[in-house]
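Structure first, then comments.
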Amino acid sequence: MKRLTIILLLCLVGCTICLDASGQAQITTRKEKLKDMTTRITKVVVPGDDMMAEAIKESVSMEWTLSPFEFCTSAEFDALKTNPAHYFLLLTEKDGIRSLAFVKGGPEAAQGVDAMLLVTSFPLADAQTPSGREFIVMPAVIHIIQDLAGGLIRSEFKAYAQLSKYNRNLPKLRTKTLHIDREDIASSVGRKVLDELDEDILVEDEEAVNEAFTQAVYNGIISFVVAPAEPVSGAPCYKMLIGTDDHQLYYIQKHKITARKGRGFLAGDLKKIRKVR
């Protein structure tokens with residue numbers, strides 16, 4: 089009974105109540121709002137940055153099958169964003185983090201991107217000093233956004249799913265080889281924690297980790313951390329594990345940076361990963 093109550097409450101969150109021509113109240117749920125996702129054109133907003141533009145265009149062309157898509161400029165986005173007949177894939181910035189967001193057009197867009205109906209968003213890089221690894225993993229980012237978005241229209245309950253749902257993939261790490269960039273491990277992690285990692289959890293330099301992804305090594309997983317390059321207390325830090333050959337998300341956690349919790353995987357993250365091995 090308690091679970092049913094929670095489901096009903098979730099279904100009501102984000103619903104729009106309006107009046108039809110007869111004056112009767114109608115409830116538009118999130119699933120209802122997104123049901124046209126696969127038939128509407130997704131406008132992919134290409135940024136001015138040449139490297140980022142190329143990475144997005146190449147990855148979308150390779151991975152995106154959810155809906156028809158067209159590339160557009162920022163100026164074209166501004167002209168089209170209030171049109172509910174379009175969805176948009178575009179870069180956004182918040183709390184010092186650049187993300188790739190999938191949103192739906194509509195009248196509320198006149199108030200800004202933050203007011204638009206968000207389908208999902210994926211953290212990419214520090215907004216000011218990106219590491220460059222976002223270009224490497226971009227195909228997986230597009231795959232994950234598309235995979236999550238496609239699931240939202242299957243049921244009302246699933247319409248509220250976000251990236252955290254992929255943490256259910258954590259037990260699958262049992263048979264995987266992990267390639268963790270040593271720079272993705274927080275400086276507070278002690279030698280004892282690292283020594284307890286098994287032989288198939290490889291702590292490597294960035295080049296080796298990137299190569300594992302670009303070579304799509306079989307049954308591999310890489311680490312990917314997104315946080316401000318010069319984080320201050322309270323800044324967000326996203327820690328992820330992404331499949332090299334299937335582009336799936338296996339783990340994502342966020343913590344706020346403090347004096348004791350720096351940038352990267354914390355001891356608690358590594359212990360959680362080790363526990364399923």
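So for the sequence shown, our numbering puts the first residue at 89; every next one is plus one. For every residue, glycine included, the Cβ atom is placed at its ideal position computed from N, Cα and C.
First through last residue of the alpha helix (DSSP H) which encompasses residue i
| i | result |
| --- | --- |
| P227 | R221 to G239 |
| E164 | S162 to L168 |
| D283 | R279 to D283 |
| F245 | That residue, F245, is in no alpha helix (DSSP H); it is neither H nor E in DSSP. |
| E294 | E294 to T302 |
Cutoff 6 Å; reference residue i; Cβ partners in own chain excluding five residues on either side
| i | result |
| --- | --- |
| L251 | I340 |
| C325 | A315, H343, I345 and R351 |
| N298 | I224 |
| A228 | I330 and H335 |
| V291 | I268 and R270 |
| L212 | R186, S187, L188 and E222 |
| K359 | none |
| L206 | V191 |
Delimiting residues of the beta strand (DSSP E) encompassing residue i
| i | result |
| --- | --- |
| M328 | P324 to G331 |
| V314 | G308 to V314 |
Cβ-based burial, residue i [other Cβ within 10 Å; buried from 16]
| i | result |
| --- | --- |
| P259 | exposed |
| P156 | exposed |
| K123 | exposed |
| R256 | exposed |
| F245 | exposed |
| D138 | exposed |
| R242 | exposed |
| E284 | exposed |
| T375 | The displayed coordinates of the chain run from 89 to 365. Any statement about residue 375 would go beyond what the structure contains. |
| Y306 | exposed |
| D202 | exposed |
| S162 | exposed |
| T208 | buried |
| E142 | exposed |
| E318 | exposed |
| A109 | For A109, the pLDDT reaches just 45, beneath the cut-off of 50, and the residue's location in the model is therefore unreliable, although a value from the coordinates is still provided. Counting Cβ neighbours within 10 Å, A109 comes out exposed, since fewer than 16 surround it. |
| V320 | exposed |
| S275 | exposed |
| D293 | exposed |
Presumed contact (8 Å Cβ cut-off) between residue i and residue j, rounded CB distance
| i | j | result |
| --- | --- | --- |
| L178 | F165 | 6 Å |
| V281 | A347 | With a Cβ gap of about 19 Å, V281 and A347 do not count as contacting. |
| S187 | F210 | 6 Å |
| A300 | G308 | 5 Å |
| R262 | R365 | 6 Å |
| S219 | D272 | Actually they are not in contact, since the Cβ atoms of S219 and D272 sit about 10 Å apart, beyond 8 Å. |
Sequence-distant residues of the same chain with beta carbon closer than 7 Å to residue i, five excluded per side
| i | result |
| --- | --- |
| M226 | A143, I144 and S147 |
| E151 | P227, I230, H231 and Q234 |
| E196 | A203 and M204 |
| D357 | K327 and Q341 |
| A167 | none |
| N171 | G193 |
| K236 | In the sequence on display, residue 236 carries Leu and not Lys. For L236, where only same-chain residues beyond five positions count, the Cβ hits under 7 Å are T208, A249 and L251. |
Contacting residues, own chain, Cβ-Cβ under 8 Å from residue i (five flanking each side not counted)
| i | result |
| --- | --- |
| A323 | D183, G184, A315, P316, K344 and I345 |
| G111 | Only weak support exists for where G111 lies, its pLDDT of 47 falling under 50; the coordinates are left without a value. |
| R362 | E284, L285, D286 and I289 |
Any chain D beta carbon closer than 9 Å to residue i
| i | result |
| --- | --- |
| E196 | Given the protein chain composition of this structure (a single chain), no chain D is represented. |
| In chain order, each alpha helix (DSSP H) run of at least 4 residues that lies wholly inside the stretch 117-205 | The stretch 117-205 is shown to contain whole alpha helix (DSSP H) runs of 4 or more residues at 118-122, 138-151 and 162-168, in chain order.
| query | In the stretch 336-364, which residue ranges form an unbroken beta strand (DSSP E) of at least 3 residues, counting only runs that do not cross its ends? | reply | Within the stretch 336-364, the complete beta strand (DSSP E) runs of at least 3 residues are 337-344.
| query | Which parts of the stretch 248-292 are runs of the alpha helix (DSSP H), unbroken and 4 residues or longer, counting only runs that do not cross its ends? | reply | 279-283
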